[in-house]
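Read the structure below first, then the notes.
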Amino acid sequence: MKRTKLLSKTALLMAMILACTSCGNTPNDEDNSGSGSGDGKTVTLKVMSASTNPNGTGPMDNEVAKIIEQDVGIVMDLIPTTEQDCQQQLPALIASNDLPDVFFIPETDTMKYIDMMHQGGQILALDDYLEEYAPNMMSDPLAQASIELKKSTLSPDGKLYAIGMQRGTYDSGLQPVVGQFIRWDLYKELGYPELKDYDTDLLEVLAQMQELENENNEGEKVYAVGGWFGDAQGWGDWHITYNLAYAEGYTCLTPGDRILYSDIATNEVVETNAQTDKDSLFWRAVKWYNKAYQMGILDPDSFTQKQDQYEDKVKTGRYLYINPGWEIQSVHDYFDSTGQTDKGFTCLPPMTDDTDKFTLYRYYIAGQFNYGVSANCKYPEKAVSLLDWFSSYDNARICYDGPEGNHWETVDGVPTPKEEYLDIDRADPEIQKTEGLNIMDKLIGYGYGTIDPKTGTAIDLYSSSTQAIEKKMRTVHKDMLSHYGYDTMPEMYEALSPGGTIDMTVYNLGSLPEELQTLDASLQSYQFKNLFKCIMAKDDAEFEKLQDEYIDGLDAFKIDEIYEYWLGVAKQQQEELKPVISQAAEALGIE
Amino acid sequence: MKIAPKDRAVNIVIGAILFLFALICIYPLYFVAINSFSSPDEVTKGVYFLPRGITLENFDYVFETPLIFTGVIVSVSRTVIGTLLNVLFCGFLGYMVTVKDLPFRKWIYRMVVATMYFTSGLIPWYMLMVKINFKNSFLLYVLPGAISAFYVVLIKTYVESLPASLEESASLDGAGTLTIFFKIILPVCKPVLACVAVFGAVWQWNSWSDNMFLVTDAKLQTLQYLLYRMMQSASMSDAITGQTSIQPMAIRLTMTFITILPILLVYPFMQRFFVKGIMLGSVKG
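Just so you know, the sequences run in chain order E and Z. When you line the first sequence up against the working numbering, it's residues 857 to 1447, in that order. When you line the second sequence up against the working numbering, it's residues 2 to 286, in that order.
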């Protein structure tokens, strides 16, 4: 009796454990490679796309998806992801050999992932498929330049493993992604004082602006300048890395340690170590924030607040100077909702004593989002056809604006948005669900602002057409144009930036050698820990003392060796990539 | 009894401190609630005391999210089924490891406890789930988490505090293992099981990472993951091109409200069991 009970107890326990492990899908449910016949008929491909749009999940059946199905015989089963999520998902997918047919490869450490997949034989070399299945890419010089870049910078053996999507630009010329945005209405009220340099004039004007408006509509304190220095390393120091570089026409090639920059006009590397050169973009930015701190125009909360807190202040008009262009819409919305429609931000053109260029258009020659095709994909030719479909200018417009006739029409040979289209909310889930507009944006071959060479108009009519830009113009923009004497914003910026407005940087310096990697990581935390001390210096003497201490401390991290390594790689790439840059520049009609 | 003025003053001070403390605890929830019902523009400016521009616009936006209702069903199902399995499996295992004549009882218990200290890591977990065909399966949500070492420890400790005579007398009357478990042990374990149920339900309701890694089927998306993605969809590029009409802060707070509401409703009902359950076993006399 006792033995029977004992056995039954053990059996029950075993059954419970078995139940935990045996119930699941049948293996056939989860065949991750493309399904369907593939012989000219429709097949389903699993596509992991860098998009989080809630409508972009599962098999697509909206209007755009139907056009894709009709054109290339593919039903896309979308798996949404993001840069951050994909960095966790991809190693798991690689380890289990479970990659979707077409998949996004994160921007960070792209080469590391490609190497892992290449070693495991999990990623397909696409070279042999291009001629037959990628006519759009093969006939577009911009796509060709991107392919060449991928072969030279993102390949372990010179073959093509990644197709870069979102080539071209997001910028429409109304304003840059990052720049010196000031409250133009206050600047006007001050009588347009001369702004010739960043290091002194700008600060003085900002101080005067703060005197003019020191409270927002709700009576809260207004500061001219703010930051999110309280955020983590790599993001909390964003302003120091980017604001001046963009505003003066340079690109930081090593944003982690901010040692090396390149010139957007010549695409040449600036041969100076920005950490040890006191006149570098890095030190000028640090000094500028220190001066702002000393003048009392830098929000003291900047040292502790994070980006969302900074954003909240931006959105309630509590700063008069902003660098991130993507924040501008929200503060304009605030002004409109509080009836202050005459207020607004515009981006200053280059400061004449400092530079003659700035980054108005950021061109992603290689494409911003990389996609690979799984070696397990049953229909690799279909996968390539799909990426190629997105790489046609006409199809890109279909993805952004829908087919011709719905929201836009061709007027005198130029695609023109209908007036009512510019009034709709394209983020409306219902519109996205039925029409499929803009939900596959990270898969589209060209960025919003890229100019279609056939028609000379931007691909995305909703955001970047002449009509769309005109609609976004505020009183401040119009006043700025009349102040400088130009008709349109792009025309004005281009005229005031004779040195150039287009950043076509394509450097991909990869990683440091192993023996320098740890030192560089320590160097970055040293920088992050100490640069804010310099910004908080009470006077110039203290700043100089802290600056000297900071520079002396860099030797412990073999900064010269790191600089020499970066410089060597960059110079080599500068030479190697010259023909590709010229090819892309020619394709874009840039001299 | 008359209270001395001095004592009354002390009571007032203590009352005030406790009131302040309660306020500190409650205010974040209140803040979330008033912001959820305020107009997005007002939320941007800051809503701190009373809702401003009362509206259901934020909820409208959230509930317009595609698949949201499927998401609610999936999340509710995983919470209900997952919690039931949690209670049942952990309860049974917790009880079984107290049964002295179970072979390898101590080893089984030690192996379960070991999982509290050593985890397999993401990749082995992912590979295992794929191997046992849990990818794109609802079972992924409810079975792997059915046994949690912490709950087993909690239940085992509780069962050990019960008089041994309970089980012995039932056994003498001819009751088998299952009868003893379901008819004797489960009813007297209500407090600790309620505690496990609350923990389990909160965990299940808030989980989304298993969904992110292993579920691509649109019909199996959980509410939490949909909301997570919806927040992310207000991307930088959308903001640049002016293509987003949502105010992320308002939506974030509304989503937080929707997320915590069910749990807020569950806690008061379970509280009496919960406190008793978590305290039991902590003191032995």
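Even for Gly, the Cβ is constructed at its ideal location relative to N, Cα and C.
Between Thr1172(E) and Glu1076(E), the gap from beta carbon to beta carbon is short of 9 Å. Using a Cβ-Cβ cut-off of 8 Å, Asp218(Z) is close to Gly914 of chain E, given in chain order. With respect to the C-alpha of Lys968(E), the residue from Ile1115(E), Glu1431(E) and Thr1009(E) having the closest C-alpha is Thr1009(E). Within the stretch 1189–1220 of chain E, the residues whose Cβ lies closer than 9 Å to any Cβ of chain Z are, in chain order, Asp1189, Tyr1190, Ser1193 and Thr1194. For Val1061(E) and Pro1049(E), the gap between their C-alpha atoms comes out near 7 Å.
Contact between the stretch 74–86 of chain Z and the stretch 197–216 of chain Z is present: 3 or more CB-CB pairs across the two stretches fall below 8 Å. The Cβ of Pro1435(E) sits no closer than 9 Å to any Cβ of chain Z. Along the stretch 1290–1305 of chain E, the positions whose C-beta sits under 8 Å from a C-beta of chain Z are Asn1294, Asp1297 and Tyr1304, read in chain order.
Partner residues in the beta bridge of Asn1226(E), as assigned by DSSP, are Ile961(E) and Gly1020(E). In the three-state scheme derived from DSSP, where H, G and I count as helix and E and B as strand, Arg53(Z) is classed as coil. At a cut-off of 9 Å, the C-beta of Ile55(Z) has no neighbouring C-beta in chain E. Of the candidates Asp1055(E), Asp1335(E) and Asn909(E), Asp1335(E) places its Cα closest to the Cα of Gly1047(E).
Within its own chain, the residues whose Cβ lies closer than 8 Å to the Cβ of Lys1274(E), once the five positions on either side in sequence are excluded, are His1263, Trp1264 and Glu1265, listed in chain order.
In this structure, Gly1105(E) is the residue among Val1170(E), Gly1105(E), Leu1176(E) and Gly1086(E) with its C-alpha nearest to the C-alpha of Arg1218(E).
Closer than 9 Å to the CB of Lys1234(E) there is not a single CB belonging to chain Z. The CB of Asn1262(E) never comes closer than 8 Å to any CB in chain Z; the least such distance is about 17 Å. Boundaries cannot be given for Trp209(Z), as no alpha helix (DSSP H) includes it and DSSP labels it neither H nor E. With a cutoff of 9 Å on beta-carbon distance, Ser149(Z) and Asn59(Z) are scored as not near each other. Annotation: Cβ neighbours of Asn911(E) in chain Z (cutoff 8 Å, chain order): Pro67.
Scanning its chain for C-beta atoms nearer than 6 Å, with the 5 sequence neighbours on each side dropped, one finds around Thr1160(E) the residues Gly1086, in chain order. Non-local C-beta neighbours of Tyr152(Z) in its own chain, meaning closer than 8 Å and more than five positions away in sequence, comprise Asn87, Cys91, Gly95, Val197, Phe200 and Gly201, ordered along the chain. As the crow flies, the alpha-carbon of Gln225(Z) is around 34 Å from that of Thr1194(E).
Among the residues of the stretch 188–214 of chain Z, those with a Cβ less than 9 Å away from any Cβ of chain E are Ser210, Met213 and Phe214, in the order of the chain. In this structure, Thr1361(E) lies near Asn1123(E), with their beta-carbon atoms less than 9 Å apart.
Within chain Z, the residues whose beta carbon sits less than 8 Å from that of Gln945(E) are Met213 and Phe214, listed in sequence order.
If you check the CB distance, Ala1121(E) and Gly1356(E) come in under 9 Å. By the neighbour-count criterion, in which a residue is buried when 16 or more other Cβ atoms sit within 10 angstroms of its Cβ, Gly1228(E) is buried. Counting other Cβ atoms within 10 Å of its Cβ, Phe50(Z) stays below 16 and is therefore classed as exposed.
In this structure, Lys1007(E) is the residue among Pro1285(E), Lys1298(E) and Lys1007(E) with its C-alpha nearest to the C-alpha of Ala1018(E). Around the beta carbon of Thr938(E), 16 or more other beta carbons sit within 10 angstroms, so the residue counts as buried. When DSSP reads this structure, Ile1307(E) sits in a beta bridge with Ala1314(E). Leaving aside the five residues that flank Gln945(E) on each side, the residues in its chain whose CB is nearer than 7 Å to its CB run, in chain order, Thr937. Ser1247(E) is positioned such that its CB atom lies no closer than 9 Å to that of Tyr1175(E).
Burial of Asn911(E) is indicated by the presence of at least 16 other C-beta atoms within 10 angstroms of its C-beta.
What Ile124(Z) touches in chain E, judged by beta-carbon distance under 7 Å, is Pro947, Ala948 and Ala951, going in chain order. For Leu163(Z), no CB of chain E lies under 9 Å from its own CB, so it is not counted at the interface with that chain.
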